[in-house]
Amino acid sequence: MFSELSLKNFIEKLSSPDPTPGGGSASSFVAAFGFSLVSMVLGIASKKHNTQEIVDLIEKAKEYVSKAENFADKDTEAFNKVMDAFKLPKNSEEDKNYRRSKVQDSLKEASTVPLELMSLIVDGSHVVGEAFIFCPDSAISDLFTALNFFEAAMEGAYANVLINLKSIKDESFVKDGYEKAKNIKEKFSSFSSDLKGKILSKLNIGG
143 MFSELSLKNF
153 IEKLSSPDPT
163 PGGGSASSFV
173 AAFGFSLVSM
183 VLGIASKKHN
193 TQEIVDLIEK
203 AKEYVSKAEN
213 FADKDTEAFN
223 KVMDAFKLPK
233 NSEEDKNYRR
243 SKVQDSLKEA
253 STVPLELMSL
263 IVDGSHVVGE
273 AFIFCPDSAI
283 SDLFTALNFF
293 EAAMEGAYAN
303 VLINLKSIKD
313 ESFVKDGYEK
323 AKNIKEKFSS
333 FSSDLKGKIL
343 SKLNIGG
């Protein structure tokens, strides 16, 4: 699907008026860009310090790239289910009840996918932190760029969680989803802010 397209083709589809791919898929690829840069930084570091620890970290970073890419398709598939549910007939009361149930189920799935992407980014933050330890000065700006990609992907995924939760009638599900998303976002924000400060100190930017 989208994960198999060239970057040029994906951008063309993203630029079209079609609802998919949208912000969710874009956020997934942005996260993949971040992990790709982390892998690159570690690869540069391995030229000087070719340890098993760095080799393992590179492998983990690449695994996160693959997982993030897959979310681009998962997000689109979830959104398509929502659209399909809204197209269901509503001629009878039975039709309406079935349609309403399918819409709500699909919205729950659509809110869960970006929440999982947020969790993936937080889960992979330990690799980013390790990459900073080994990162040579020549590649520190690349790690800083990766961190900004993660922040953008996190914000995009968070927005997608919220927009789907907004239409869900199950108050317990909404509350639980919102709390999870909020906590994940805050956890990553704390990590990102701390690491950004360390990177900027190395770059001698902002004092």
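Under my numbering, think of the first position of the sequence shown as 143, with each following residue one higher. No residue lacks a Cβ here, since even glycine has one placed at the ideal position from N, Cα and C.
Pairwise C-alpha distance: residue j and residue i
i, j, result
"D217", "E313", "23 Å"
"E223", "S169", "As written in the sequence, residue 223 is Lys, which differs from the Glu given in the question. Rounded to whole angstroms, K223 to S169 spans 19 Å at the Cα level."
"L289", "A295", "10 Å"
"F286", "K250", "34 Å"
"P159", "N212", "23 Å"
"I341", "N151", "34 Å"
"A203", "S309", "35 Å"
"E219", "E201", "28 Å"
"G271", "D284", "14 Å"
"E321", "D336", "23 Å"
"Y240", "E205", "39 Å"
"V316", "L307", "6 Å"
Unbroken alpha helix (DSSP H) run spanning residue i, endpoints
i, result
"P256", "E235 to D265"
"A281", "Here A281 belongs to no alpha helix (DSSP H), and DSSP marks it neither H nor E."
"N222", "Q194 to F228"
"M182", "G165 to S188"
"L337", "E313 to L345"
"I131", "This structure leaves residue 131 out entirely; the chain is present only between 143 and 349."
Where residue i falls, given that 16 or more other Cβ within 10 Å makes a residue buried
i, result
"G319", "buried"
"L345", "exposed"
"S208", "exposed"
"L257", "buried"
Cβ separation of residue i and residue j, assumed to be a contact under 8 Å, to the nearest whole Å
i, j, result
"G165", "A301", "7 Å"
"S261", "I326", "6 Å"
task: Please determine if the stretch 170-183 and the stretch 257-276 are in contact, where contact requires at least 3 C-beta pairs separated by less than 8 Å.
output: yes
message: Check whether the stretch 253-268 and the stretch 160-173 are in contact - that is, three or more C-beta pairs closer than 8 Å.
response: yes
Meets three-Cβ-pair contact criterion under 8 Å: the stretch 188-196 and the stretch 220-239: no
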